[in-house]
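Worksheet for the structure shown next.
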Amino acid sequence: MKAGVIELGSGSTPKTNASRGVSILDFILRIAAVIATLGSAIAMGTTNESLPFFTQFIRFRAKYDDLPMFTFFVVANAIVSVYLLLSLALSIFHIIRSKAQVSRIVLIFLDTGMLALLTAAASAAAAIVYLAHKGNTQANWFAICQQFNSFCERISGSLIGSFGGILLFVLLILLSAVTLSRR
């Protein structure tokens, strides 16, 4: 007859601790993604520059809402930011209950939808930012970034934040998929 060993302590196994660690990483990545997408929406939404033309009373203006793609970019980043803030509650739930599977599956589907929305918005805005920097002489679209420096710097920075959010979403989806596959 073998003597049984009774383990005293918290009762958590290494697998549970690893799942809890992954859940904490998920929470941190979601906070970083909120910062990236919300920062992108704010930076693009507050972009505005005016330049004088001949006199002080006639001015050229560049504002984000002059182009529908930038408006779509701001709205999409705002929607994704709100989603990420709401998903923090499920992320906290996963820290507490690391064996939850159905809510992780729901998060994977919702994260994938938000990734698609964010990618579409960032890609549309990136095409316009490229035209603002380089122009297109065949279509008679002139590069405006030589004149509107501040405007172009802000919209380019906003794109960097949004593409950072896309990268964080990819990591979140992969992290959730790996967590589910380990069970």
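First residue of the sequence shown: -8, per our numbering; consecutive thereafter.
All C-beta atoms in this analysis are idealised placements derived from N, C-alpha and C, irrespective of residue type, glycine included.
Item, Value
"Pick from M35, R88, L81 and G156 that is closest to P59, judged by C-alpha positions", "M35"
"S78, buried or exposed, once every other Cβ within 10 Å from all chains shown has been counted against 16", "buried"
"Between the CA atoms of A112 and F63 - distance to the nearest angstrom", "6 angstroms"
"Three-state secondary structure (DSSP) of N131", "coil"
"Cβ-heavy atom distance, F100 to the ligand FAD, below 7 angstroms", "The model depicted lacks the ligand FAD and carries no ligand whatsoever."
"Beta-carbon spacing of R145, S89 below 8 angstroms", "no"
"Neighbourhood of S82 by C-beta distance below 6 angstroms, restricted to the same chain and skipping five residues each side", "D17, F18 and R21"
"Beta-carbon separation (whole angstroms), L122 vs A67, contact threshold 8 angstroms", "Contact flag wrong, Cβ pair sits at about 19 angstroms."
"For G126, three-class secondary structure by DSSP", "coil"
"Proximity below 8 angstroms, CB of V161 to CB of L106", "yes"
"Burial state of F61 (16 or more Cβ within 10 Å)", "buried"
"Nearest-angstrom Cα separation, counted from L158 out to F100", "16 angstroms"
"Alpha-carbon spacing of A9 relative to V93, whole angstroms", "19 angstroms"
"S89, DSSP secondary structure in three states", "coil"
"Coarse secondary structure for C136, derived from DSSP in three states", "coil"
"Beta-carbon proximity of L166 to V13, cut-off 8 angstroms", "yes"
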